[in-house]
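**Q** Residue numbers (this note's numbering): 42 to 384.
1) Taking 8 Å as the CB-CB limit, is residue 65 close to chain B?
2) Less than 8 Å between the beta carbons of residue 379 and residue 343, yes or no?
3) For a test of the three-state rule: what should DSSP assign to residue 377, helix, strand or coil?
4) Using the three-state DSSP reduction, which class does residue 302 fall into: helix, strand or coil?
5) According to DSSP, residue 256 sits in a beta bridge with which residue or residues?
6) In the structure shown, what three-state DSSP assignment does residue 216 receive?
7) With DSSP run on the structure shown, which of helix, strand or coil describes residue 290?
8) Within 10 angstroms of the Cβ of residue 178, are there 16 or more other Cβ atoms? Answer buried if so, exposed if not.
9) Just checking, does the stretch 302–309 make contact with the stretch 179–191 on the three C-beta pairs under 8 Å criterion?
10) Give the DSSP-derived three-state secondary structure of residue 344 in the structure shown.
11) Count the C-beta pairs between the stretch 51–59 and the stretch 71–85 that are closer than 8 Å, then say yes if the count reaches three, no if not.
12) Go through its chain and collect everything with a Cβ distance to residue 94's Cβ below 6 Å, but skip five positions before and after it.
13) Indicate the three-state DSSP secondary structure (helix, strand or coil) for residue 264 in the structure shown.
14) Can you tell me where the beta strand (DSSP E) with residue 88 in it begins and where it stops?
15) In its own chain, which residues sit with a C-beta less than 8 Å from the C-beta of residue 272, not counting the 5 before and 5 after it?
16) Does the stretch 210–225 come close enough to the stretch 162–173 to have 3 or more Cβ pairs within less than 8 Å?
17) How many angstroms separate the CA atom of residue 126 from the CA atom of residue 291?
18) Would you mind stating whether residue 200 and residue 256 have Cβ atoms separated by less than 8 Å?
19) Rounded to whole angstroms, what is the Cα-Cα separation between residue 174 and residue 203?
20) Does DSSP classify residue 77 as helix, strand or coil?
21) Would DSSP call residue 48 helix, strand or coil?
22) As a quick exercise: from 81, 48, 64, 118, pick the residue whose alpha carbon is nearest that of residue 92.
23) Using a Cβ-Cβ cut-off of 7 Å (strictly less than) and excluding sequence neighbours within five positions of residue 208, which residues of its own chain qualify?
24) Residue 116 lies in the beta strand (DSSP E); which residues open and close that run?
25) If you count every other CB in all the chains shown that lies within 10 Å of the CB of residue 331, and 16 or more means buried, which is it?
26) Please state the DSSP three-state secondary structure of residue 308.
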């Protein structure tokens with residue numbers, strides 16, 4: 042695929058070789074082509090992302106087949122340096138920053154190319170009636186499994202989420218900002234006389250999301266009470282907006298049954314309940330199962346019991362540990378049973 046082809050052009054051969062090794066080490070499926078000689082530089086293929094230093098970018102500007110590189114980044118050695126309207130990236134920064142930027146650019150390319158998803162967008166709800174301490178890492182690891190089948194978005198609707206801390210991510214915008222954006226777009230279109238069924242929202246989601254590896258994340262609220270002010274209609278508008286963004290899977294992570302919970306479940310292909318074995322936990326789960334059965338939602342419900350717990354004293358709450366530890370092994374061993382059953 043075009044988005045997996047990377048072009049790196051810089052006259053420092055040792056640097057280009059080191060960056061290439063790093064990127065391929067992170068993702069062996071990447072196809073990286075590089076040039077260190079400006080005179081030899083030519084566009085012999087299509088590339089999703091091009092990383093070009095000044096002299097290469099000057100030559101690129103004179104080429105007639107510039108469209109072969111879908112997204113071009115200007116690699117600069119000096120802070121504050123710029124080249125026209127190109128997005129800049131500082132050469133001498135940690136290489137993991139390059140990986141994150143490439144993932145974001147690849148995601149945007151896929152977003153532009155795949156608005157219509159074969160099979161449509163499926164919504165998966167995840168909830169733990171007994172507030173399992175591993176609910177968040179479980180959801181992230183499961184999202185990685187879904188991502189193997191196509192673009193995946195995680196919407197964290199927890200009131201007091203540790204998601205951004207766990208992944209060491211920072212974001213200026215949150216899920217609430219995106220909901221307000223959708224609501225303002227709805228009001229504008231209504232004022233113009235556009236019927237609700239005709240409303241199509243522009244693909245602005247990329248301004249609100251963060252990336253964790255190959256998972257897009259709509260960041261959770263910063264203030265826990267903000268969730269309480271979202272109406273059922275606004276939750277419905279959120280799902281409508283996300284349905285048009287070209288995702289194969291959208292995961293909705295709940296930590297409580299809030300306003301609009303039932304309406305959102307009606308849009309879901311599956312509800313995954315995360316629990317623990319034991320009489321105390323089972324009684325809380327049975328109460329919820331009765332609630333779901335009365336509403337005919339028991340047919341989409343799948344119960345998962347995690348045979349793992351966090352040691353609150355001896356174990357650090359870090360994602361890398363979960364990926365390599367018992368929880369990661371459990372998810373990988375159960376992925377066909379959990380993910381495979383969702384179509």
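Beta carbons: idealized from backbone N, C-alpha and C, even for Gly.
**A** This is what the structure gives:
1) No chain B appears in this structure, which consists of one protein chain only.
2) For residue 379 and residue 343, yes; Cβs fall inside 8 Å.
3) helix
4) helix
5) 193, 253
6) helix
7) strand
8) buried
9) No: fewer than three Cβ pairs fall under 8 Å.
10) strand
11) yes
12) 51, 116
13) Note: residue 264 maps to coil in three-state DSSP.
14) 88–93
15) Cβ neighbours of residue 272 beyond the five flanking positions: 300, 301.
16) no
17) 33 Å
18) no
19) The straight-line gap from Cα to Cα measures roughly 11 Å.
20) Residue 77 falls in the coil class under three-state DSSP.
21) strand
22) It is 48.
23) Hits under 7 Å: 253, 360.
24) Unbroken beta strand (DSSP E) run through residue 116: 110–117.
25) Per the 10 Å Cβ criterion, exposed.
26) Of the three classes helix, strand and coil, the one that applies to residue 308 here is coil, per DSSP.
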